[in-house]
Structures are given as C-alpha cells and as structure tokens.
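>
Chains as they are written, first to last, in the numbering used here: chain W, 89 to 518; chain X, 89 to 518.
The following block contains the structure:
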C-alpha cells in the first residue's frame, strides 16, 4: 500500500463535519478501495471549542485556514469555508501556489473564479475537484469530465436547486400560492430565512456556470448568464401548464449555439412525461445531450450533509488514487473566452398568461400585435366569461426569437384591456 | 504531452467499428482532454476485406486476435469479440499476463469470469475497464467504482435490457399481447431473431452480476442469480398493475441482506411515480441506494453503436490518463465468496392473478390457503360476474417470504376452480 494521502480541512460546519465523520467511519474501506489511507492531518474552523459531535483532538488545529496551505505535511486542502471571495479564495490560490491539490464544495468560488483557478492549477500540475459544488449526490461532474469524455455535448439542462424544486412541486400538488409554500418551506428548513438567492435563480446559475464551462470548454462568466427566478410563477400558471401537459420547473440550461455557448436560468414548462419533469421535491436532476451517446439523465439529492460529504470524499479518493484531469476537461489555457451567445437572439416557444378585461376585441388586439410581429399562436385558452371583468387568457406560441417576444410582451402589456403585467414562461423542448 | 497510448482492437463489428470511428473523429479533442494521444496501432477481425465504412489500412492487421496480446507496441487491448469463453477469454487472459490493460464491452465474459480476471489483473498491476458491458450510455460503473466510493451500498436495481423494456412499455401503451409486440420488436430490430436470451432475463442477469460484484464487493456467480423472464406477463397483468398504480418492469435487483448479498432478475410491479417506472422504450435505468448519499438514479441508452463506443472510448481515456482502480472496487483477493443469500428466504409483497371459475366458495378457498400460510391480503379484485365461467381475480399480499408464497401458489394452483396456472409478479418497493 502506498503512503497515506494527508489532507487538511478548512471549515467544519455541516459539510465539513460530515466529511470528517465519513472519512473516519469508512477509514478502512476507503484505504482498501483507494490502495492508500486518507489521513486527516489538520483542520481549521472559527471556533475550536464548539461542540461538533466529533472529536477534533486527533488533528492539528489551525485558527487561520490559510495556514493549511503552508503545512508541508499536507498533500491536499479541502476547502469548505464557502463564499466566492475572501478566505476561501485566498486559501485555494495559496494551496495551488504551494503545489497542493484542492477539493472544494464551494459553488460560488468555482462559478466566479474557476477558469483562473484552473489555469493556475494546471500550470502547477495539481488537481482541483469540485463534485460537491454541483448537485452533490449526483456524480455529474465526473460523468462530464470522465464518463462522457469522448462526446460532443450539445445541450445540458438541470434542476439544480432543491428549494425551488420543492416550492414548485408543492405548488403543483397543493394548488397553494407561492408565498404560502415558501413560508412553509422556510418553517421546514427547505428554504433559507433570506430565500432570494435560491428563488431568484442565482444558486442555480452558479451551478450552471460550472457545468457549462465543463461541458463546452468555455470560460463562462457567471455575470453573463441570464437569470430569472420563480417568484412570478403563480398557482394559476402551474394549473394551466398542467392542463397543457406540462410541469413548471426552474432549469439551468446550457447549449452550443451557432454563435457560441448559451447559458440561462429561468422557469420552464417541460413536458410532463420527460425524465426531468419527474424530478420532484428537493431532488436535483441533470440531463446531458451529446454525440455519440445520446441522452443521459442523472437524478439524486443535491444538497445536505450526507450527499455532499459523499462527493467530497469521492474527490479526495480520486486524487489519492492518482486522478489527474484538466479542471474543465479542456485545458484552462484553451477555454473559449468569447462572450455567451446573446440571450435576446435565442429562439423558443412561449407560454403567455394575460389578465384581460373580458370585452369584445381584446383577443383581436392581442392577436394583431403577435401577428404583426410574426409570432404565430399554437393555442389560446380563455376560460369562462365575465363581461367587463378580468379573466385569464393563456397563449402558447410557435417558435419565435426572444427579442421579438420581449417586444410583443411590451406592446401587449400596454393595451388598456390588459390589466396586469403579462406572465411569460418559456417552454423548453425536453 | 506524454507519449501516445497505443491500443489494439479485437472485433470490428458494430461496436468495434463505432469505437474506431469515434476515436478517429475525436482524435484531437481526446488528445487535449487526456493529455496524450490515443493511437490505434493494430486491429483484428474475421474478415479483413469486408466493407466497414472506414479504412483499416492505417492499422496493423492481425488475423488471430490473440496476436494483439503479444505485440510489444500495444499498451492496451480492447476486446470487442464477445462471448464468455473462447477467443475473447483467451485474449483477455493473455493480455493481462503480458502486462497490458484491457477494455471490454463483453458482459458475458465479465459476468462469468470477472473475479478471476480481476485477480490476475490486480496481481499484474493492470487495469480492466468494462463500462460498456453494463448500460452502455450510462456511466454507472464509474459512478459505483469512483463517484460513490465512500458509500455503503444497500440496494441497486435497474432496467438493464432494452428489448424487454421496449416490449413491456409497448404492451402498456398499446394493450397488445406479448407475442404481437415481440414480433413487432423483431421486425423493428429491437429484438433478436432468437429473443430467448433477452426476454428470458439472462442478459439482465449478466449485467446485474457485474453490478452486484462491484457494489457489494462480492464474487457473485452468474449461475446463482435467480432469473425469471417476461414471457408470462400478459396484457391483463399490465392492465391490472396500472389500475393498482403500478407499471411492470423487468428489473435486476441486488441488495445486502442479513445473510449475504441477494441478486435476482424478474418482472416487478413498481410504483408508477418512481423514477425507474418512467424509464420507457429501449432506455436503461439504474437506481443506487447507499449511505450517506441516499438515492441516485441514472438513465440513458443501454446499447447501440454510439453509446457503447462512448463508454469504450471513456474507458480508454481513463487508462490513458493513468486511472488505476480495483476491478470491483474491493480488491479481487478480498471479494466475498460466500454463496448468495437464498432466494427462497427473501421477503416481499406479491401481485397474484388467478383465473378461477366464478362460483361461490372459490374466494373462500383461496383465502383459506393464504390465511393458513400466514399470508395476509392487502387487496382483492374480482371484475365482473360470469357464473360458472373463468374470471380473473387479482390479489395483492402484504409482506411474505418467497418460500411461503411458492407453497401458497402451488396449493392455490391445485384447486379445481383455478383453471390456469396462477400468475405471480413480485412488487418491488421503489
């Protein structure tokens, strides 16, 4: 058996604690499976004396996580501090500079600084592993970086945020309003006290940025990803979607387009029988489309102590067994640095819900705006009659360009008889 | 960049041809992604002059595949001959003996000889990769061998044969009989002219044997796996299952039981809303349950030129990048060689369809046999009344031991009023 791989762990919160407990509990199995022991040498967290449910005394303790990067006796630094900047970024950069491998679960860090980190790591000959940063329990980074290495990926899309998926799944099942379900999710611990980052789609966008870099060999900038959250999805939309054979899901979608890589996060109508539509509750799911493999789908828990610790431990084991791989499959120096394909130039089909005063001529006015813009209508539903009162009109379009649809929405919204802002949800062909 | 990895390919049928074409078409991308070139040095097949749609002249040609194992200029042998014995086995054994890595898509070979091959390979320090042997397009071997390395797997189950899944899916959608759908599947090329190996469950059992060895660190013998095919599943069963909220799927199931590893292949009723139930047509799907990860699900194409070539190329790329891993995760010398847990000792719940003469006292007689054996009935359906004619009675049981159920079936089948052999399908909790 080779010498042990010696690791230092920065951050002992839920995930860090889970990693320590898992590595200790499966010490023998991991040693046999890796051909060498995984030895925790040092740890760092804010408060040494905090009760954690496990004993930190076998490990060297450093108050400053940065010290881990400087310890000669450590081969690999596990960064579980979190945050895109500050101590996490400093630690990762210094660890690389000192020739140490890095495992991280930090999606914000990788989404914002991944390409720069990758370049430094590849120049230094160390490995960066980040399976836990995206859909923790699902080995999708490994699938893209290794299992599908011989494929040309054309599109991937995923449910990457458990909070949003829980809310949308519950709204569908219970028929309740967004705000009610969100409040319950907060009570149950499925949503943060400040949920804006999750429900606004930003967490999904972090993970999508990482997957897009990997799948398309591009240095995708998080800031360039189109992001729209689920706050505006109503129980009525979910009901109409269901009637039309769809479910509403918040998807992160990345694809190779004629003018570059596209990456966007927004609620989508997806066909109810598609695998991604069946991913319910807090589960995550990712569909990858490529040639020659075709379509593969991965589902599992996206967060939580166990799944995240499983992913971190697998990354450590990979490095222990000698895994060497480019951070984003394509060498960092060769990543495509062109801007993303413009969101406004993408085409798709749309679900549009209007709240209009029920009076003669309104549908004609709406149809004229769409017709003049060259948008053709696949279906139109107006339920019930309530003369001179607000009623819902739901329209499905045929294929149209995003920029054209934006103008159509603006013009329709300006009609006197349209009494609420139009609700637009994109229909994703899955 | 390191020296190229030099490979020899034995077998140039659909899969072998797909591998050659994929490696040539993605030559540059693979070189960049692996850090070294993959160079096809030599090939072997039965007929050199056959028209294959690609040029074999750049490669050394050997008529006897065994010669590939002896070529000094080859680092890795790709075995795509097929068959559990004969030239395929000889080639793999000789390649290992000569210190060459092996990539194979041969499920029969690995299912029958995997543990012995693994032992030889690990002693010799070479790697055996076989992603393409199980659910080709789905990197599930990689997930079990690497991505979930820190987990204790408790159960895995999968749809591992596209032919059976196509037939069962079509029977459900069309309501047609097994024989009709099979005939159509043969016309469409989804079923072999001699379909016994697929529909009898043996192909699924090959793949399950491999997954069970890997997931449970056991030298599972193919011969010990309980195998039952789908020939006896009728349109009526699929209809009743649907009414009860289930779909019928042929599953391979392996689990860790109190008295060892269990592995079995048989048709199952699975809850319609379970991810595995949504895997339709020729697709494959595998669900893995483990701690601490929880439940992860993998879906994709299980066979065909593209998915299989994708898997073979990924295995070659792994070895090119220096992947070293025990064949079954657990070192071959440490594999658990105890016999499988006895099938007759497993417990589960059952769907039972009886064809009985509609007359007073029959249900009482059936219920008495079940009650006397301690089998409790969860539901009983008798549709329609046709006095003194055969009618269907469908029973769902609560949890009961397999051996008890076998006796119950025998006794019920012996009743005068039961005019056809009882049809039993296991209900798998998913």
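Built from N, CA and C at the ideal position, the CB exists for glycine as well.
1) Nearest chain X C-beta to residue 116 of chain W closer than 7 Å, yes or no?
2) Which residue from X:388, X:382, X:363, X:355 puts its Cα closest to that of residue 370 of chain X?
3) Starting from the beta carbon of residue 239 of chain W, find every residue of chain X whose beta carbon is closer than 7 Å, and list them in chain order.
4) In angstroms, rounded to a whole number, what distance separates the CA positions of residue 350 of chain X and residue 431 of chain X?
5) If you draw a straight line from the alpha carbon of residue 146 of chain X to that of residue 233 of chain W, how long is it in whole angstroms?
6) With DSSP collapsed to three states, give me the class of residue 389 of chain W.
7) Rounded to a whole number of angstroms, what is the C-alpha to C-alpha distance between residue 281 of chain X and residue 274 of chain X?
8) Across the region 216 to 226 of chain X and the region 401 to 418 of chain X, are there enough close Cβ pairs to call them in contact, namely three or more that are closer than 8 Å?
9) Let's test the definition: count the other Cβ atoms within 10 Å of the Cβ of residue 153 of chain W and tell me whether it reaches 16, buried, or not, exposed.
10) For residue 454 of chain W, which residues in the same chain have their Cβ closer than 6 Å to its Cβ, ignoring the five residues on either side in sequence?
11) Between residue 190 of chain W and residue 170 of chain W, what straight-line distance do the alpha-carbon atoms span, to the nearest angstrom?
12) How many whole angstroms separate the CB atoms of residue 315 of chain W and residue 297 of chain W, which I take to be in contact at a CB cut-off of 8 Å?
13) At 7 Å on the CB atoms, spell out the chain W contacts of residue 234 of chain X, in chain order.
14) Establish whether the CB of residue 142 of chain W and some CB of chain X are separated by less than 7 Å.
15) Would you give the residue range spanned by the alpha helix (DSSP H) that residue 309 of chain W belongs to?
16) What is the DSSP secondary structure of residue 185 of chain X, reduced to helix, strand or coil?
17) Flag this pair as touching only if the region 435 to 447 of chain W and the region 484 to 492 of chain W have three or more C-beta atom pairs under 8 Å; answer yes or no.
18) Closest by CA to residue 393 of chain X, which one among X:98, X:97, X:110?
19) Quick check on this structure: which residue in X:285, X:504, X:203, X:144 has the alpha carbon closest to the alpha carbon of residue 305 of chain X?
20) Going by the DSSP bridge assignment, what does residue 261 of chain X pair with across the sheet?
21) Apart from the five residues on each side of it in sequence, which residues of its chain come closer than 7 Å, Cβ to Cβ, to residue 457 of chain W?
22) Residue 444 of chain X and residue 494 of chain X: beta carbons closer than 7 Å?
23) Listed from N- to C-terminal order along the chain, which residues in the region 408 to 420 of chain X have their beta-carbon within a distance smaller than 9 Å of any beta-carbon of chain W?
24) Give the straight-line distance between the Cα atoms of residue 113 of chain W and residue 201 of chain X, rounded to the nearest whole angstrom.
25) Are the region 262 to 277 of chain W and the region 410 to 418 of chain W touching, with three or more C-beta to C-beta distances below 8 Å?
26) Whole angstroms are fine: how far does the CA of residue 168 of chain X sit from the CA of residue 263 of chain X?
27) Using a Cβ-Cβ cut-off of less than 8 Å, list which residues of the region 294 to 314 of chain W approach chain X; keep chain order.
28) Give me the Cβ distance between residue 363 of chain W and residue 513 of chain W, rounded to the nearest whole Å; I'm assuming they're in contact under 8 Å.
29) Return the chain-ordered list of same chain residues with a C-beta closer than 6 Å to the C-beta of residue 395 of chain W, the five sequence neighbours on each side being excluded.
30) Which of the three DSSP states, helix, strand or coil, is assigned to residue 355 of chain X?
31) Using a 10 Å radius around the Cβ and a threshold of 16 neighbouring Cβ atoms, would you call residue 502 of chain X buried or exposed?
32) In chain order, what are the residue ranges of uninterrupted alpha helix (DSSP H) at least 4 long that sit wholly in the region 409 to 496 of chain W?
33) Distance, Cα to Cα, residue 194 of chain W vs residue 257 of chain W?
34) Which residues share a DSSP beta bridge with residue 103 of chain X?
Taking the definition as stated:
1) no
2) X:388
3) 398
4) 7 Å
5) Our two residues, residue 146 of chain X and residue 233 of chain W, have alpha carbons roughly 30 Å apart in a direct line.
6) strand
7) 6 Å
8) yes
9) buried
10) 500
11) 14 Å
12) Not really, about 10 Å apart at Cβ, beyond 8 Å.
13) 230, 402, 406
14) no
15) Where residue 309 of chain W is concerned, there is no enclosing alpha helix (DSSP H), given that its DSSP letter is neither H nor E.
16) helix
17) The way I'd put it, the region 435 to 447 of chain W does touch the region 484 to 492 of chain W; three or more beta-carbon pairs between them come closer than 8 Å.
18) X:110
19) X:203
20) The partner list for residue 261 of chain X (beta bridge, DSSP) is empty, contrary to what the question assumes.
21) 496, 499, 500
22) Not closer than 7 Å, so no.
23) 409, 410, 411, 412, 413, 414, 417, 418, 419
24) 32 Å
25) no
26) 38 Å
27) none
28) Not really, about 20 Å apart at Cβ, beyond 8 Å.
29) 224, 225, 389.
30) strand
31) Classification of residue 502 of chain X: exposed, given that the 10 Å Cβ count is below 16.
32) 450 to 460
33) CA-to-CA, the gap between residue 194 of chain W and residue 257 of chain W works out to about 27 Å.
34) Among the bridge pairs identified by DSSP, residue 103 of chain X is matched with none.
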